[in-house]
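Engineer: Can you read through this structure? Questions will come right after.
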Amino acid sequence: MEREKAMELIKKNIKNRNMIKHCIAVEGEMIALARHFGEDETLWGLTGLLHDVDYEQTNGDPVAHAEVGAQILEAEGYDSVMVHAVRAHNDKAPIENKLDRALFASDPLSGLIVAATLMHPEKKLAAVDAEFVLRRFKEKSFAAGANREHIQTCSELGLDLTEFVDICIQGMRLKADELGL
131 MEREKAMELI
141 KKNIKNRNMI
151 KHCIAVEGEM
161 IALARHFGED
171 ETLWGLTGLL
181 HDVDYEQTNG
191 DPVAHAEVGA
201 QILEAEGYDS
211 VMVHAVRAHN
221 DKAPIENKLD
231 RALFASDPLS
241 GLIVAATLMH
251 PEKKLAAVDA
261 EFVLRRFKEK
271 SFAAGANREH
281 IQTCSELGLD
291 LTEFVDICIQ
301 GMRLKADELG
311 L
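With our numbering as the guide, the letters of the sequence shown map in order to residues 131 to 311.
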(Lines of atoms letter the chains of each structure in order from A and count residues from 1; the text may use other names and numbers.)
(Lines give C-alpha, C1' and ligand atoms only; values in the text may rest on other atoms or scores of the structure.)
Protein backbone atom coordinates (compact mmCIF):
# COMPACT_ATOMS: atom_id res chain seq x y z
CA MET A 1 0.00 0.00 0.00
CA GLU A 2 2.79 2.44 0.88
CA ARG A 3 4.55 1.80 -2.41
CA GLU A 4 1.33 2.31 -4.36
CA LYS A 5 0.85 5.68 -2.66
CA ALA A 6 4.47 6.60 -3.42
CA MET A 7 4.12 5.58 -7.09
CA GLU A 8 0.98 7.72 -7.37
CA LEU A 9 2.97 10.68 -6.03
CA ILE A 10 5.80 9.98 -8.48
CA LYS A 11 3.43 9.72 -11.45
CA LYS A 12 1.62 12.90 -10.37
CA ASN A 13 4.89 14.86 -10.29
CA ILE A 14 7.01 13.17 -12.97
CA LYS A 15 5.83 12.57 -16.53
CA ASN A 16 9.17 11.58 -18.09
CA ARG A 17 9.23 7.78 -18.30
CA ASN A 18 13.03 7.57 -18.02
CA MET A 19 13.00 9.69 -14.87
CA ILE A 20 10.38 7.41 -13.34
CA LYS A 21 12.61 4.44 -14.22
CA HIS A 22 15.55 6.18 -12.56
CA CYS A 23 13.52 6.51 -9.35
CA ILE A 24 12.57 2.82 -9.54
CA ALA A 25 16.22 1.86 -10.11
CA VAL A 26 17.32 3.79 -7.02
CA GLU A 27 14.48 2.17 -5.09
CA GLY A 28 15.89 -1.26 -5.98
CA GLU A 29 19.41 -0.24 -5.00
CA MET A 30 18.21 1.10 -1.67
CA ILE A 31 16.22 -2.06 -0.89
CA ALA A 32 19.33 -4.17 -1.51
CA LEU A 33 21.46 -1.86 0.63
CA ALA A 34 18.89 -1.99 3.44
CA ARG A 35 18.99 -5.78 3.28
CA HIS A 36 22.77 -5.75 3.40
CA PHE A 37 22.83 -3.51 6.47
CA GLY A 38 19.81 -5.05 8.22
CA GLU A 39 17.83 -1.81 7.89
CA ASP A 40 14.16 -1.08 7.13
CA GLU A 41 13.67 -2.12 3.49
CA THR A 42 10.40 -0.24 3.16
CA LEU A 43 11.81 3.04 4.44
CA TRP A 44 14.98 2.76 2.40
CA GLY A 45 13.14 1.63 -0.75
CA LEU A 46 10.56 4.42 -0.56
CA THR A 47 13.35 6.94 0.05
CA GLY A 48 15.02 5.76 -3.15
CA LEU A 49 11.75 5.83 -5.07
CA LEU A 50 10.79 9.33 -3.93
CA HIS A 51 14.20 11.03 -3.86
CA ASP A 52 13.65 12.92 -7.14
CA VAL A 53 9.90 13.58 -6.79
CA ASP A 54 10.57 17.26 -7.56
CA TYR A 55 12.79 16.67 -10.59
CA GLU A 56 10.45 18.14 -13.21
CA GLN A 57 9.48 21.08 -11.01
CA THR A 58 13.11 21.97 -10.34
CA ASN A 59 14.70 20.88 -13.63
CA GLY A 60 17.08 23.67 -14.55
CA ASP A 61 17.20 24.95 -10.96
CA PRO A 62 19.66 22.68 -9.12
CA VAL A 63 19.60 25.00 -6.11
CA ALA A 64 15.92 24.21 -5.52
CA HIS A 65 16.21 20.46 -6.28
CA ALA A 66 15.77 18.27 -3.21
CA GLU A 67 14.47 21.16 -1.09
CA VAL A 68 11.23 21.26 -3.09
CA GLY A 69 11.10 17.44 -3.00
CA ALA A 70 11.54 17.45 0.77
CA GLN A 71 8.69 19.97 1.08
CA ILE A 72 6.44 17.75 -1.07
CA LEU A 73 7.23 14.74 1.12
CA GLU A 74 6.66 16.71 4.33
CA ALA A 75 3.27 17.87 3.03
CA GLU A 76 2.38 14.23 2.26
CA GLY A 77 3.31 13.20 5.81
CA TYR A 78 6.41 11.14 5.02
CA ASP A 79 8.91 10.24 7.75
CA SER A 80 11.33 13.01 8.74
CA VAL A 81 14.26 10.60 8.31
CA MET A 82 13.28 10.12 4.66
CA VAL A 83 12.80 13.85 4.16
CA HIS A 84 16.28 14.50 5.56
CA ALA A 85 17.85 11.91 3.25
CA VAL A 86 16.16 13.53 0.24
CA ARG A 87 17.62 16.89 1.25
CA ALA A 88 21.05 15.36 1.90
CA HIS A 89 21.23 13.62 -1.50
CA ASN A 90 21.62 17.04 -3.13
CA ASP A 91 23.69 18.74 -0.42
CA LYS A 92 20.71 20.56 1.14
CA ALA A 93 21.39 18.94 4.53
CA PRO A 94 24.40 17.21 6.06
CA ILE A 95 24.80 13.47 5.63
CA GLU A 96 24.13 12.11 9.11
CA ASN A 97 23.49 8.37 8.79
CA LYS A 98 23.66 5.28 6.58
CA LEU A 99 20.38 6.08 4.84
CA ASP A 100 21.64 9.52 3.81
CA ARG A 101 24.99 8.13 2.61
CA ALA A 102 23.42 5.20 0.78
CA LEU A 103 21.10 7.49 -1.18
CA PHE A 104 23.89 9.98 -1.90
CA ALA A 105 26.17 7.25 -3.31
CA SER A 106 23.59 5.06 -5.06
CA ASP A 107 21.71 7.81 -6.91
CA PRO A 108 24.47 8.45 -9.48
CA LEU A 109 25.43 4.78 -9.64
CA SER A 110 22.03 3.82 -11.02
CA GLY A 111 22.72 5.79 -14.21
CA LEU A 112 26.11 4.17 -14.65
CA ILE A 113 24.62 0.69 -14.21
CA VAL A 114 21.83 1.42 -16.72
CA ALA A 115 24.30 2.82 -19.27
CA ALA A 116 26.61 -0.19 -18.86
CA THR A 117 23.66 -2.57 -19.18
CA LEU A 118 22.55 -0.92 -22.41
CA MET A 119 26.10 -1.38 -23.79
CA HIS A 120 26.06 -5.10 -23.00
CA PRO A 121 25.06 -7.31 -25.95
CA GLU A 122 22.16 -8.78 -23.93
CA LYS A 123 20.97 -5.40 -22.59
CA LYS A 124 19.77 -7.13 -19.40
CA LEU A 125 20.75 -6.53 -15.78
CA ALA A 126 21.06 -10.29 -15.33
CA ALA A 127 23.99 -10.23 -17.77
CA VAL A 128 26.10 -7.52 -16.10
CA ASP A 129 28.29 -7.78 -13.05
CA ALA A 130 30.35 -5.38 -10.97
CA GLU A 131 33.47 -6.01 -13.06
CA PHE A 132 31.66 -5.03 -16.28
CA VAL A 133 30.27 -1.84 -14.72
CA LEU A 134 33.59 -0.90 -13.13
CA ARG A 135 35.39 -1.12 -16.49
CA ARG A 136 33.04 1.65 -17.63
CA PHE A 137 33.49 3.50 -14.32
CA LYS A 138 37.08 4.29 -15.27
CA GLU A 139 35.97 5.92 -18.54
CA LYS A 140 35.19 9.49 -17.48
CA SER A 141 33.26 10.24 -20.67
CA PHE A 142 31.01 7.19 -20.19
CA ALA A 143 27.81 8.15 -18.36
CA ALA A 144 29.53 11.45 -17.61
CA GLY A 145 26.63 12.61 -15.44
CA ALA A 146 27.29 9.81 -12.95
CA ASN A 147 29.35 11.60 -10.32
CA ARG A 148 32.17 9.17 -9.54
CA GLU A 149 33.18 11.04 -6.39
CA HIS A 150 29.68 10.63 -4.96
CA ILE A 151 29.65 6.94 -5.86
CA GLN A 152 33.02 6.41 -4.18
CA THR A 153 31.64 7.70 -0.87
CA CYS A 154 30.31 4.15 -0.50
CA SER A 155 33.56 3.62 1.43
CA GLU A 156 31.95 5.64 4.24
CA LEU A 157 29.38 2.84 4.45
CA GLY A 158 32.22 0.37 4.96
CA LEU A 159 31.87 -1.01 1.42
CA ASP A 160 34.54 -1.14 -1.23
CA LEU A 161 33.51 -0.04 -4.70
CA THR A 162 33.17 -3.56 -6.12
CA GLU A 163 30.93 -4.72 -3.27
CA PHE A 164 28.81 -1.57 -3.48
CA VAL A 165 28.30 -1.92 -7.23
CA ASP A 166 27.45 -5.61 -6.82
CA ILE A 167 24.82 -4.89 -4.14
CA CYS A 168 23.29 -2.14 -6.25
CA ILE A 169 23.14 -4.36 -9.36
CA GLN A 170 21.39 -7.01 -7.27
CA GLY A 171 18.92 -4.38 -6.12
CA MET A 172 18.21 -3.14 -9.62
CA ARG A 173 17.61 -6.74 -10.69
CA LEU A 174 14.70 -6.77 -8.22
CA LYS A 175 13.11 -4.11 -10.44
CA ALA A 176 14.32 -5.45 -13.83
CA ASP A 177 10.81 -5.97 -15.23
CA GLU A 178 9.72 -2.43 -14.33
CA LEU A 179 12.97 -1.07 -15.75
CA GLY A 180 12.71 -3.11 -18.95
CA LEU A 181 16.21 -4.38 -18.30
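Beta carbons: idealized from backbone N, C-alpha and C, even for Gly.
Does the Cβ of P339 have 16 or more other Cβ atoms within 10 Å, making it buried, or fewer, making it exposed?
Structural biologist: This structure cannot settle anything about residue 339, because the visible part of the chain is limited to 131 through 311.
Engineer: Work out the CA separation of K142 and H280 for me, nearest whole Å.
Structural biologist: The residue you call residue 280 lines up with position 150 of the sequence shown. The residue you call residue 142 lines up with position 12 of the sequence shown. Taking the straight line from one Cα to the other gives about 29 Å.
Engineer: Just the Cα atoms here: how many angstroms apart are K222 and L291?
Structural biologist: Counted from its first residue, the sequence shown places residue 222 at position 92. Counted from its first residue, the sequence shown places residue 291 at position 161. Spanning the two alpha carbons is a distance of roughly 25 Å.
Engineer: Quick check on DSSP: helix, strand or coil for M302?
Structural biologist: Walking along the sequence shown from the start, residue 302 turns up at place 172. Correct three-state label for M302: helix.
Engineer: Just tell me which of E206, D307, D209 has its CA closest to the CA of K253.
Structural biologist: Here residue 253 refers to the residue found at position 123 when the sequence shown is read from its first residue. K253 has its Cα closest to that of D307, out of E206, D307, D209.
Engineer: Rounding to the nearest angstrom, what Cα-Cα distance links A196 and C298 in this structure?
Structural biologist: To locate residue 196, count along the sequence shown from 1; it is residue 66. To locate residue 298, count along the sequence shown from 1; it is residue 168. Looking at the two C-alpha atoms, the distance is approximately 22 Å.
Engineer: Alpha carbon to alpha carbon, what distance is there between K145 and Q282?
Structural biologist: Working through the sequence shown from its first residue, we reach residue 282 at position 152. Working through the sequence shown from its first residue, we reach residue 145 at position 15. So the two alpha carbons sit approximately 30 Å from each other.
Engineer: Counting C-beta neighbours from all protein chains within 10 Å, is the total for S342 16 or more, i.e. buried, or is it exposed?
Structural biologist: Here the chain has residues from 131 to 311 only, and residue 342 is not among them.
Engineer: Between G168 and D184, is the Cβ-Cβ spacing less than 8 Å?
Structural biologist: Indexing the sequence shown from 1 puts residue 168 at position 38. Indexing the sequence shown from 1 puts residue 184 at position 54. No, the Cβ-Cβ distance between G168 and D184 is not below 8 Å.
Engineer: Just reading off the alpha helix (DSSP H) that T172 is part of, what are its end residues?
Structural biologist: Position 42 of the sequence shown, counted from the first residue, corresponds to residue 172. 171-180 is the span of the alpha helix (DSSP H), which, as asked, contains T172.
Engineer: Please return the same chain residues whose Cβ sits closer than 7 Å to the Cβ of E204, not counting the five positions on each side in sequence.
Structural biologist: Within the sequence shown, residue 204 is the residue found at index 74, counting from 1. Closer than 7 Å at the Cβ level, and outside the excluded window around E204, lie V213.
Engineer: At the level of alpha carbons, what is the spacing between I140 and M249?
Structural biologist: Here the question's residue 140 lines up with position 10 in the sequence shown. Here the question's residue 249 lines up with position 119 in the sequence shown. Answer to the nearest angstrom: the Cα atoms are 28 Å apart.
Engineer: Relative to the alpha-carbon of V156, which residue among E132, E286, E226, S236 has its alpha-carbon at the smallest distance?
Structural biologist: As a position in the sequence shown, residue 156 is number 26, starting the count at 1. Ranking the options by Cα distance to V156, first place goes to S236.
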